Amino acid sequence: MSRPGPRNLITDVPGLTVGNAEDRDVLTGTTVIVADEPSTAACSVAGGGPGTRETDLLRADTMVEQVDAIVLSGGSAYGLAAADGVTAKLGAMGRGYGLKDLPGVPKTPIVPSAILYDLANGGNKAWGEAPPYRALGEEAFENRAASFPLGNVGCGLGANAGAHAGGLGSASLRTNDGFTVGAIAGVNCFGSVFMPGTTSFWAWPYELNGEFGGHRPGADYECDPEEWGDAKMNPQPGQNTTIACIATDVALTPAQAQRVSQIALAGFARAIRPVFAPFDGDALFVLSTGRVALEEPTPIQLTRIGELAASTLARAIARGVYEADQKSAA
């Protein structure tokens, strides 16, 4: 039976580290997923109000097929500047894309990113002409490690999941035949992650080892199809988003990574109701570190990877809210 990796974090996928940084006065933060080596990537955007950077570059028909890092940030459009800080750090290390090595010509780090809206959460946003996000990107990059906390950290610091505190969540799954899938998510959704009238997560069927509290609905539980539970009462366009990254050590082509990202979008729907609303900017990246070659990379195997990614993403979303609620109650 497939089980979570030793950390139950996306960094159980070998070759990845994650760094977080926060400005607790502003009530915002940034998360960066850094690959040890350039990695194949793809992206699927499903929400009606996304904010992204470099996602066009991830299409399967474009020239650059690998990325150096992925940034998930608070701050709405301001937060896209967090990738500037990460890009500068990687460039200073000599990492990045270049057609050829030329003296005095820097390489170009490839750092796609997505943002969530946390500008109306009560923090001090009077930053004038100096938003904090480039500095947060630099700090998150310097903080990268194999282990990291969940909940009110990184891009999840100022997030709200429906009527509950949102947060940063992560989970992993290691299969018996030797590959790993991981997920990380900043949960700031319009919809509810809880079943109406209960403390049970919509994602409860996918929970492993009681990782988000072990709450279950009763055997006779029913709810009206129109009953959404604790969704946000006053949604505004562009103010709600879940941004996420799936990673695997399976070697995928850009086209295969794109298909996995599309299958894995189901993880949002398993954890949040309703989802992909006009108010949401939901976006999902996929990273393949390429360390495990499938003996038979068939459509069935690709479907299997996408399905495992979807369930792992649902778990990561629930863990982000669970950990944020636990810390809020402490």
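Residue numbers (our numbering): 479 to 808. Each residue gets a CB set at the ideal place from its N, CA and C atoms; glycine is no exception. As the structure is a computational prediction, the values presented were derived from the model and not from experiment.
The C-alpha of L765 is placed about 8 Å away from the C-alpha of D727. Burial is judged here by how many other beta carbons sit within 10 angstroms of a residue's own beta carbon; V549 has at least 16 and is buried. In this structure, DSSP gives V631 a state outside helix and strand, which the three-state scheme calls coil.
When DSSP assignments are scanned along the region 508-554, the uninterrupted stretches of beta strand (DSSP E) that are 3 or more residues long and fall wholly within it turn out to be 544-551. When the five nearest sequence neighbours on each side are left out, the beta carbons in the same chain lying within less than 7 Å of the beta carbon of A735 are those of T518, A519, A520, V764 and S766, in order along the chain. As the crow flies, the alpha-carbon of W605 is around 9 Å from that of V504. For L614, the uninterrupted alpha helix (DSSP H) segment begins and ends at Y611 to E620. By the CB criterion at 8 Å, G507 and G632 fall inside the cutoff.
In terms of Cβ geometry, N666 and L594 form a close pair [threshold 8 Å]. The alpha-carbon separation between S650 and L535 amounts to approximately 27 Å. The count of Cβ pairs closer than 8 Å, one atom from the region 558-574 and one from the region 595-615, reaches three, so the stretches are in contact.
Separation of R531 and A697 (C-alpha to C-alpha, rounded to the nearest whole angstrom) is 45 Å. Apart from sequence neighbours up to five positions away, the residues of its chain that approach T790 with a beta-carbon distance below 6 Å are A649, L651, V659 and A661, ordered along the chain. When the five nearest sequence neighbours on each side are left out, the beta carbons in the same chain lying within less than 7 Å of the beta carbon of R694 are those of S678 and W682, in order along the chain. Secondary structure at I662: strand, using DSSP grouped into helix, strand and coil. A straight line joining the alpha-carbon of T489 with that of A566 spans about 23 Å.
Here DSSP, grouped into helix, strand and coil, assigns E689 to coil. Annotation: D562 is outside any beta strand (DSSP E); the continuous alpha helix (DSSP H) that includes it extends over A560 to A570.
Assignment of G574 by DSSP, reduced to helix, strand and coil, places it in the coil class. Within the DSSP bridge table, the entry for T767 names no partner.
For R652, the enclosing beta strand (DSSP E) covers residues G645 to R652.
P581 sits exposed, since fewer than 16 C-beta atoms from the chains shown fall within 10 Å of its C-beta.
The beta carbon of A747 sits closer than 6 Å to those of V753, all from its chain and outside the five residues before and after it, given in chain order.
DSSP places I488 outside any beta strand (DSSP E), giving it a letter other than H or E. Its Cα nearest to that of G707, the residue V671 stands out among V671, R769 and V542.
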